[in-house]
Amino acid sequence: MSGNSKIKNRLHVFLIELGDLSFFTSRFFKEVFKHPFELKELFRQCYNMGNRSLLLVGITCFIIGLVLDLQTRPTLMEFGAVSWMPSMVSISIVREIGPIITALVCAGRIGSGIGAELGSMRVTEQIDAMEVSGTNPFKYLVITRVLAVTLMLPLLVIIGDAISLFGSFLVENLKGNVSFTLYFNQVFDSIEFGDIIPATIKSFFFGLAIGIVGCYKGYYCTKGTEGVGKAANSAVVVSSLLLFIIDFIAVFVTDIFYDL
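Encoded structure:
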């Protein structure tokens, strides 16, 4: 009975939190188009999230490009298909690896930051003070941050894809003496709009999920410093799980359109 009661309690907590997150998301969509528009805060958040995440995303994607090429090249050499390396790497990175890796990095970097920042503001009663003073903290704190992540993540994905392809080119140049022009001619010949558009669209949903979860965990943070740590940690865990779910749905829907 104790085991069953624990499962029921966890399921009950999960369903309550799922309902609260759904309500939080619906509130975001209701208020995002209402006045006033906090454009100055939105631009500041875009700069902070994009600029401060660029180095981490760049280094991660550069290493991914190097490793992917180094690990795949021996297998293709066995089949005499090493000339297909630029096409294979570019399609893999643009379609799947670039968006999901960049999103996971941003979930750890941006999602935890939003959760900790809003959580500390909730603990120190700054959000309560904004509500008392007549300011709408949801518009100023939540909507600006969610929009900033949603807008910046596709740009980071594009930059990360380019850096990954450059890392792959370096390996090909050193191992196979492939020129810059030849490598990227093959890359652009193999990539189609059907590869770029779905990856870009799902990047917007990745950013939306990271922003919503990070803001939700921080905005409703429990009292105390322990609550701030839990908010930051759970923001990363939940948003990372959501990223894989969204990615699966995006790949499934894209595959249906390809079949049509």
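Position in the sequence shown counted from 1, then plus 747, gives you the working numbering.
For each residue, glycine too, the CB sits at the ideal point set by N, CA and C.
What you are looking at is a predicted structure, and each value in this text was computed from that prediction instead of being measured.
| message | Buried or exposed for D875, going by 16 or more other Cβ atoms inside 10 Å? | response | Indexing the sequence shown from 1 puts residue 875 at position 128. It counts as exposed.
| On the three-state DSSP scale, how would you describe G827? | Residue numbering aside, residue 827 sits at position 80 when the sequence shown is read from its first letter. Correct three-state label for G827: coil.
| request: Tell whether a beta-carbon distance below 9 Å holds between P821 and F931. | output: The count along the sequence shown starts at 1 and reaches residue 821 at position 74. The count along the sequence shown starts at 1 and reaches residue 931 at position 184. The answer is no: Cβ separation not under 9 Å.
| query | In angstroms, rounded to a whole number, what distance separates the CA positions of M748 and V984? | reply | The residue given as residue 748 occupies position 1 in the sequence shown. The residue given as residue 984 occupies position 237 in the sequence shown. With a pLDDT of 49 at M748, under the threshold of 50, the predicted position of this residue should be treated as unreliable, though the coordinate-derived value follows. If you take the alpha carbons of M748 and V984, they lie about 29 Å apart.
| How many angstroms separate the CA atom of F991 from the CA atom of I847? | Position 244 of the sequence shown holds residue 991. Position 100 of the sequence shown holds residue 847. Cα to Cα, F991 sits roughly 8 Å from I847.
| Does the Cβ of G914 have 16 or more other Cβ atoms within 10 Å, making it buried, or fewer, making it exposed? | Position 167 of the sequence shown, counted from the start, is the residue given in the question as residue 914. With at least 16 other beta carbons inside 10 angstroms of its own, G914 counts as buried.
| message | Report the start-end ranges of each alpha helix (DSSP H) in the region 851 to 890 that is 4 residues or longer and not cut off at the edges. | response | Within the region 851 to 890, the complete alpha helix (DSSP H) segments of 4 residues or longer fall at 859 to 870 and 873 to 879, listed in chain order.
| Presumed contact (8 Å Cβ cut-off) between D908 and I840, rounded CB distance | Counted from its first residue, the sequence shown places residue 908 at position 161. Counted from its first residue, the sequence shown places residue 840 at position 93. Contact between D908 and I840 holds, with the beta-carbon distance rounding to 6 Å and staying under 8 Å.
| task | Count the other C-beta atoms from every protein chain shown that fall within 10 angstroms of the C-beta of Y794, then say buried if there are 16 or more, exposed otherwise. | result | Reading the sequence shown from its first residue, position 47 is the one you call residue 794. Under the 10 Å beta carbon count, Y794 is surrounded by fewer than 16 other beta carbons and is classified as exposed.
| query | Should M835 be flagged as near chain D, meaning a C-beta pair shorter than 9 Å? | reply | Included in the structure is just one protein chain, with no chain D present.
| Supposed close pair L815, V836 - CB separation, criterion 8 Å | For this step, residue 815 is matched to residue 68 along the sequence shown. For this step, residue 836 is matched to residue 89 along the sequence shown. At roughly 6 Å, the Cβ-Cβ gap stays under 8 Å, so L815 and V836 are in contact.
| said: What does the Cβ neighbour count give for P945, buried or exposed, with the cut at 16 atoms within 10 Å? | reply: Position 198 of the sequence shown, counted from the first residue, corresponds to residue 945. The residue in question, P945, is buried, as its Cβ has 16 or more Cβ neighbours within 10 Å.
| Whose C-beta lies closer than 8 Å to the C-beta of A997 among residues of the same chain, with five residues either side of it excluded? | Here the question's residue 997 lines up with position 250 in the sequence shown. Its chain contains P945, I948, K949 and F952 as the residues whose beta carbon lies nearer than 8 Å to that of A997, once the 5 sequence neighbours on both sides are disregarded; these appear in chain order.
| Using the C-alpha atoms, what's the distance from A978 back to G862? | For this step, residue 862 is matched to residue 115 along the sequence shown. For this step, residue 978 is matched to residue 231 along the sequence shown. Rounded to the nearest angstrom, the two C-alpha atoms are 5 Å apart.
| Using the beta-carbon count (16 or more within 10 Å), is L765 buried or exposed? | What you label residue 765 is simply residue 18 of the sequence shown in a count that begins at 1. Residue environment analysis places L765 among the exposed positions, since fewer than 16 neighbouring C-beta atoms fall within 10 angstroms of its C-beta.
| query | What's the gap between the Cα of E785 and the Cα of S867? | reply | On the sequence shown, residue 785 is found 38 positions in, with the first residue counted as 1. On the sequence shown, residue 867 is found 120 positions in, with the first residue counted as 1. The straight-line gap from Cα to Cα measures roughly 21 Å.
| request: Within 10 angstroms of the Cβ of E919, are there 16 or more other Cβ atoms? Answer buried if so, exposed if not. | output: As a position in the sequence shown, residue 919 is number 172, starting the count at 1. Under the 10 Å beta carbon count, E919 is surrounded by 16 or more other beta carbons and is classified as buried.
| query | Hey, would you say I1030 sits closer than 9 Å to V779, going by beta carbons? | reply | As displayed, the chain neither begins before 748 nor continues past 1007, which places residue 1030 out of reach and without an answer.
| field | Segments assigned alpha helix (DSSP H), at least 4 residues, entirely inside the region 898 to 984 | value | Within the region 898 to 984, the complete alpha helix (DSSP H) runs of at least 4 residues are 927 to 937 and 940 to 966.
| Reference Y966, options T871, L903, V934 and I906, closest by Cα | For the purposes of this step, residue 966 is taken as the residue at position 219 of the sequence shown. Sorting T871, L903, V934 and I906 by C-alpha distance to the C-alpha of Y966 places T871 at the top.
| task | With V836 as the anchor, note down where its alpha helix (DSSP H) starts and where it stops. | result | For this step, residue 836 is matched to residue 89 along the sequence shown. First-last of the alpha helix (DSSP H) with V836: M832 to S839.
| said: So for P821, helix, strand or coil by DSSP? | reply: Within the sequence shown, numbered from 1, the residue matching residue 821 stands at position 74. Look at P821 here: in three-state DSSP terms it is helix.
| field | Of the residues G845, G858, G827 and K787, the one placed nearest R799, counting alpha carbons only | value | On the sequence shown, residue 799 is found 52 positions in, with the first residue counted as 1. Answer by Cα proximity: G858.
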